[in-house]
Structure formats: C-alpha cells, structure tokens
Amino acid sequence: MDRIPILTMGQFLLVTIQVDMHDRLAMALQDDLTTRITTSRAKGVLIDISSLEIVDSFIGRMLGNISSMARVLGAEAVVVGMQPAVAITLVELGLSLDGVHTALDVEKGMQLLRRYIGAEFEESLSDVDDPEN
Amino acid sequence: MSLSKLSEILNADRTRLLAEWVSYQNESGQVRGDLITERELTRESEQFFELLREALGRESSAELHRPGYKGVRDFLGELSRSRSRLGFTPSETALFILSMKRPVFGAVQRAFAGDAAGQAAALWMATELLDNLGLFTMETFMEAREEVIKGQQSDMLELSTPVVQLWDGIVALPLIGTLDSNRTSIVMETLLQVIVQTRSEIAIIDITGVPTVDTQVAQHLLKTVAAARLMGADCIISGIRPQIAQTMVHLQIDLGNVITKATMAEALRTAMHRSGFVVTRKSAGGLLHQK
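This is the structure we're talking about:
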C-alpha cells in the first residue's frame with residue numbers, strides 16, 4: 001500500500017500530499033505522523049496540500065484531527081498551500097477547521113511554526129527564571 | 134396538394150418573386166438602411182429563397198424541425214442572431230419572413246387561376262410554412278437577446294468585484310451592492326485567487342457599498358472569511374456604518390472572532406501593524422503641492 005512520506009527538517013516534520021487522498025491513505029498518514037511525532041520529538045508539523053485538488057468531508061475532518069493530535073503530543077501543525085477551490089469546498093461542507101493553523105505556502109508556514117515554537121521556548125525559559133528571581 | 138407543388142411554383146416564378154420580395158422589404162420602410170445595405174439584403178434574400186426552395190422539394194410537411202429544413206434553420210438562425218446583435222427591432226427582423234407572404238400569395242394565385250379549391254389549399258400551406266418560419270425567426274431573435282443580457286449580467290458581476298492590492302501582503306475587496314449566494318461565490322473565488330497570486334496574508338473586505346446586512350449576508354461574509362483563513366490569510370471586515378452596526382446587534386449577528394473596523398483606513402492601519410509595517414510622518418504634509 002502507498003504511504004505518504006514524512007520528512008524531518010530539524011525540529012519539524014514536513015508532509016507533502018501529492019496524490020489524491022483516499023480514506024485508507026489518510027488513516028495511514030494519521031498513524032505514521034503520530035508515531036513520528038513521538039519518536040522524533042518534533043515541535044512542529046507542516047502539511048503541504050498545495051497539490052491536493054479534491055477533498056471530501058473525510059479528508060477535511062482528517063486535517064482537523066491530525067492537527068488536534070499533534071497538539072496533544074506537544075507539536076503545532078500548520079496546513080499550508082490550500083487551493084482556492086479546496087477552501088471553498090471545505091467551507092461549503094461546513095468544515096471551517098477552526099482549530100487548525102493555516103499559511104499560504106511552506107515558507108510562511110515555516111515562519112509561523114518558528115514563531116509558535118519561539119514563543120513556547122521563551123515561555124519555558126521564563127518559567128525557569130521565575131523561581132530564581 | 135403537397136409542398137413540392139409550392140416548390141414548383143416558387144421555382145417557376147423565381148425572378149419575379151425575388152424582385153417583389155426585396156422591393157416589399159425596401160418599401161415597408163422597416164429596413165434599417167443604416168445597419169444593412171440594399172445589396173446585402175438582396176443577397177441574403179436570394180440565399181434564403183434558394184435554401185427554402187430546396188427544402189420544400191425534399192420535405193412534405195411544414196414542420197421546421199424536420200431534417201430537410203436544416204439549411205433553412207441554420208441560415209435563418211444566423212440571420213436573426215446577427216440582426217439582434219446589430220440592433221434590429223423584433224418587427225424589423227420578423228419583416229424578413231413576413232414580407233414574403235404577399236409575393237408568394239400572388240404567385241399561388243397566378244398558378245391556380247380558376248381552381249379555387251387548389252388555390253385555398255396552396256394558400257393554407259404557404260401560410261402555415263411562412264408562419265412557422267416567422268415564429269422560428271422570433272424565437273432565435275429572443276434567444277440571442279437573452280444571451281446578450283446574460284453576458285452583461287456576468288460582466289457586471291465581475292466588474293463589481295474588484296480586488297485591489299493596498300500594500301505588500303495586503304489586499305482589499307470593496308464590495309458594492311447586495312451579497313446573494315451567487316455573488317458570494319464569485320467574490321470568494323476572485324478573492325482567493327488574488328490571495329494566492331499576491332501571496333497576501335491579510336485581506337480587507339470593505340462593506341461600505343453593501344446597502345443592508347441581514348443574517349443571510351453575514352453568513353456569506355463569514356463563509357468568505359472562513360475560506361480565506363483556510364488558505365492562510367486573515368480577513369478584516371471594514372466599512373461598517375453606524376446603522377449597520379445597530380441592525381447587526383439587533384439581529385444578533387455574531388461575526389465571531391473576525392476583526393471588524395468602522396473604516397477602511399482603520400482596517401489598513403491594523404493590517405499594517407499586524408504585518409509589522411510602521412508608518413511615520415516626516416513633515417507636516419502638503420508635499421504634493423510644493424516643489
């Protein structure tokens with residue numbers, strides 16, 4: 001069975017969806033990604049769906065689920081490069097994916113992730129600093 | 134009595150019929166000399182006459198949808214479409230066929246001199262045929278008109294949804310007129326397309342030109358905002374007039390966590406701030422008028 005490759009880039013995981021998603025592929029991706037987040041202790045996940053042209057409610061929900069799962073595992077997920085037609089379809093399906101971070105392209109998604117992780121890092125630093133002061 | 138007899142009559146009297154027909158068209162005063170030349174009219178009449186004569190030889194009934202009339206239909210369709218585009222009125226267009234009645238009736242009379250029954254039958258046949266042709270002309274004429282109207286409607290929809298780039302990464306969409314679901318989908322598509330093209334992270338939707346905001350319109354606005362967000366762009370809704378703010382609150386319209394501003398200027402200020410731009414004024418202004 002086909003699998004969608006997951007690339008590691010430092011603290012981030014990069015998933016580029018370049019084939020039409022079907023339900024089993026989506027489930028496999030969900031499995032792989034959650035495993036990889038735990039094993040690689042990634043801080044951020046970037047899902048590039050710029051080549052995805054067809055979505056249904058299942059794939060839409062899966063994007064939301066992956067993002068929630070990543071958050072549970074301590075990583076932020078950003079969905080990047082959604083096509084206008086896909087965005088319109090998702091909205092018409094009533095899936096506005098409220099909890100999911102989005103960005104226009106990989107570059108901007110990366111910036112966004114750095115910002116989130118930077119903020120987290122500073123937070124944890126100040127947590128450490130506080131008791132000393 | 135069959136149509137082939139009529140075809141024979143048309144054939145025998147060809148030159149006279151044609152001449153009479155063209156002259157009737159010219160005399161009626163309904164031919165637009167400014168839109169079509171006399172030579173063109175004569176040529177069209179001749180062409181049509183030939184096509185009709187051939188068709189009558191092949192077909193046995195006056196029903197125009199039969200395959201034998203294809204040439205006639207195509208020619209007449211093209212003729213009335215082009216006249217509709219040129220700006221002929223319906224009666225001026227219908228005249229092309231209707232003015233044929235008199236010469237044809239004359240020819241029938243001459244051919245059946247002394248045979249009243251035959252004459253009546255032939256006249257009835259000719260009337261039926263010419264009426265069908267006339268109706269067909271009108272139908273095509275109206276269809277062409279409707280096409281023009283539809284084209285204009287879609288042009289207007291596109292004209293009324295311009296997306297302008299205000300700054301690097303900031304686009305604005307000034308909405309004018311009411312938002313129905315048809316229009317929303319066009320607005321949404323254009324906006325999303327421009328967001329991709331310009332890689333803009335902030336879109337300002339200005340609703341100053343939207344006369345009323347009811348739950349329906351708000352729903353459409355929220356849809357657009359949600360779609361833009363999915364692509365990775367944030368939306369600011371601006372141009373909310375005091376009355377609209379009041380109605381929105383009365384109708385308990387909740388725009389959720391969308392940023393709203395009273396004016397486009399305010400929205401631009403917010404957008405600049407969010408994308409990290411700082412605007413500073415260096416001098417007291419009036420620079421445009423000074424050298």
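Chain order of the listed sequences is B and E. Heads up: the first sequence begins at 1 in my numbering, then just goes up one per residue. Heads up: the second sequence begins at 134 in my numbering, then just goes up one per residue. Cβ atoms here follow ideal geometry from the backbone N, Cα and C, with glycine treated the same way.
Per DSSP, the continuous beta strand (DSSP E) segment holding B/A77 begins and ends at E76 to V80. Under a criterion of Cβ atoms nearer than 7 Å, the residues of chain E adjacent to B/A103 are, in order, G365. Taking a 10 Å sphere around the C-beta of E/Q158, we find 16 or more other C-beta atoms and assign the residue as buried.
For E/A351, the three-state secondary structure derived from DSSP is helix. Look at the stretch 69-83 of chain B: the residues with a C-beta under 7 Å from a C-beta of chain E are V80 and M82. For E/Q252 and E/L290, the gap between their C-alpha atoms comes out near 57 Å.
Close CB contacts of E/G220 within its chain, under the 7 Å cut and outside five residues either way in sequence, are with L168 (chain order). Taking a contact as a CB-CB distance under 8 Å, the pair B/I66 and B/A77 counts as one, their CB atoms being some 6 Å apart.
Ranked by Cα distance from B/V72, the first of B/A28, B/L104, B/H22 and B/G44 is B/G44. Listed in chain order, the positions of the stretch 85-98 of chain B with a beta carbon within less than 7 Å of a beta carbon of chain E are A87, I88, L90, V91, S96 and L97. Counted as a single uninterrupted DSSP element, the beta strand (DSSP E) harbouring E/S371 occupies residues D367 to S371. Bridge partners of B/D48 according to DSSP: B/T16 and B/V80. Where E/P375 is concerned, the enclosing alpha helix (DSSP H) starts and stops at P375 to H383. Its chain contains R186 as the residues whose beta carbon lies nearer than 7 Å to that of E/N144, once the 5 sequence neighbours on both sides are disregarded; these appear in chain order. Here the C-alpha atom of E/E211 lies approximately 11 Å from the C-alpha atom of E/F269. For the set E/E192, E/I303, E/N315 and E/R316, the Cα lying nearest the Cα of E/I369 is the one of E/I303. The bridge partners DSSP lists for E/L306 are E/I338. When E/L308, E/G247, E/A188 and E/N390 are compared, the shortest CA-CA separation from E/D207 is found for E/A188. When Cβ-Cβ separations below 8 Å define contact, E/R186 makes no contact with chain B.
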